[in-house]
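Input: a single structure, listed below in structure tokens.
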Amino acid sequence: MVTAGVGALAAAMAPALATRPLAALVAALVVVGLIAAVWSPDTPEDLLGPTAGRLRAQLSDVRRAAALALAAWLNGVAARADIDPWVATASAIASAIATARAVTWMRTTLDGLPRRLWLAAIAVALAAAALAAATGAEAAGLTLLALVPAGTLVLARARGLPLANAGWIALIVDHPARLIVATFLALCVVGAIALSLPVSAAGDAVRLVDAAFTSVSAVCATGLITLDTAVAWSGAGKLIILVLIQLGGLGIMTLSTAALGALGRRLSVRHEEAVAGLFSGEHRGLLFVALRRTLAVTFAAEAAGAIVLTALFAAHGDALGDALWRGVFTSVSAFCNAGFALQSDSLVGYQTAPAVLHVVALLIITGGLAPPVIAALPRVVGRGPVPVQAKIVLAATVALLGVGFAGFAALERRGALAGLSFGDKLHNAWFQSVTFRTAGFNSVDFPEPHPG
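The opening residue of the sequence shown carries number 1 in the numbering used here; numbering runs sequentially from there.
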């Protein structure tokens, strides 16, 4: 029945995909993948224990519900430039049912699963509904909502195929170097496919090469673009770019460690050694403490930056919804040092708004520090023992920013900074010193600075 349902939705997509060969190929691959996931092997008896029959039935229900929800999303959002209200409603209902099934399954089936994980699933669903209701961005809301059944389907697949018997999966997960390469590659490929879909483009469908370039630039937090971010992408496309920036900015080792910790799994010895090196030789018993501290600092800084920037953008005339979206996007992009902006001229329009420049600069500086330095920040403030690596990074950061600020202010006072007041010259020289190192934003036109 599920196979027939997915096939029927695929047939319903045919008219929308008739003139979009790339989207048709992607849809075909997704449909085949969904059907394969539904028909994947059942969980072995020795993993399920005495209640194997009931749990196997729940697992099958979750697979079916998630597959139908994702097929409905593909039909309602990814394959259509204009979303029909009835199709969007059907997609939302399918995703809501899949979310409910996922929460029930996770609570009763996965032993030791923290409550915060299934609460997070509910939070994502509510956030998606709020986003669609508040902004009218049905595509963005449904795409966010689709993350829940997508993640559930992956988790169900992993539960059905134990890691010890997963073949190539174990070869990747148990080796940190392979995990980094494979996950970054997967993120770039998935991002390229998502950005090449019609729903991601503000006008005509984006070429695959431009979508791939943008995806790699976002994941690697490079900031280089071939298309104007503010003009070329729709709300859904910008949301996809934001997710890629956040995932790439957090780093694969951090994400994988957090995921394994949330699922209650122990790290492999190699993974522990790699993460310990990431956190500057932190004792293995304190890895999750350092990880939680790093994630807490990341999300707290991004949230604080988003709140302040929202207020500043609203004060500059943006509507509250636009200011909120611009504030969140700019905060995440700045903290991850990605350099993507929702303005065609980056931050040139705010070169006489020092509050905006300094908030973005502070986010760039904080986000540019390595995880060990972020983890050591409470000790720096509290005058506790600070690792040598953190001291070197902080000292180098202060020196580079100071030299860059003085040099740019002196050399460009009659060039790129000529039309500004003395105070604005100092503000923009400082901002450029910060952003030139890693971020990619700009508050002055790049052709204006002297070449030598």
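Cβ atoms here follow ideal geometry from the backbone N, Cα and C, with glycine treated the same way.
Between the alpha carbons of Ala127 and Ala96 lies a distance of about 12 Å. The segment 329–337 makes contact with the segment 299–316: 3 or more CB pairs, one atom from each, lie closer than 8 Å.
Distances from the alpha-carbon of Gly407 to those of Lys425, Leu420, Ala396 put Lys425 closest.
Comparing alpha-carbon positions, the option among Gly423, Leu250, Ile392 lying closest to Asn337 turns out to be Leu250.
Closest by C-alpha distance to Leu312, out of Arg293, Thr294, Ala341, Ala353, is Ala353. The straight-line gap separating the alpha-carbon atoms of Ala88 and Gly141 is approximately 10 Å. In terms of Cα proximity to Val190, the closest of Val243, Ala230, Ala396 is Val243. The closest CA to that of Gly339, considering only Val219, Ser234, Ala123, is found on Val219. Secondary structure note for Ala396: its alpha helix (DSSP H) is the uninterrupted segment 388–411.
Relative to the Cα of Gly151, the nearest Cα in the group Ile122, Ala139, Ala130 belongs to Ile122. Take Ala94, set aside five residues on each side of it, and the residues of its chain with a beta-carbon closer than 6 Å to its own are Leu68, Ala69, Ala72, in chain order. In this structure Gly223 touches Gly440 by the C-beta definition: roughly 3 Å separates them, less than 8 Å.
Judged by DSSP secondary structure, Ala323 falls within the alpha helix (DSSP H) whose first and last residues are 320–335.
According to DSSP, residue pairing for Trp233 in a beta bridge involves Ala201. Here the alpha carbon of Trp430 sits roughly 8 Å from the alpha carbon of Ala409.
Taking the C-beta atoms as reference points, Tyr350 is found nearer than 7 Å to Val356. Secondary structure at Thr152: helix, using DSSP grouped into helix, strand and coil.
Taking the Cβ atoms as the reference, Ala194 lies roughly 16 Å from Ile225, outside the contact range of under 8 Å.
The DSSP-derived three-state label of Ile225 is coil.
Between Val124 and Val199, the C-beta gap is not smaller than 7 Å, which leaves the two residues out of contact. Close CB contacts of Gly327 within its chain, under the 6 Å cut and outside five residues either way in sequence, are with Ala306, Leu309, Thr310, Phe313 (chain order). In its chain, beyond the 5 residues on either side, Thr226, Leu227 have a beta carbon closer than 6 Å to the beta carbon of Asp210. For Ala218, the enclosing alpha helix (DSSP H) has its first and last residue at 208–219.
According to the DSSP assignment, Pro354 belongs to the alpha helix (DSSP H) that extends over 354–368. When the five nearest sequence neighbours on each side are left out, the beta carbons in the same chain lying within less than 8 Å of the beta carbon of Arg413 are those of Lys425, in order along the chain.
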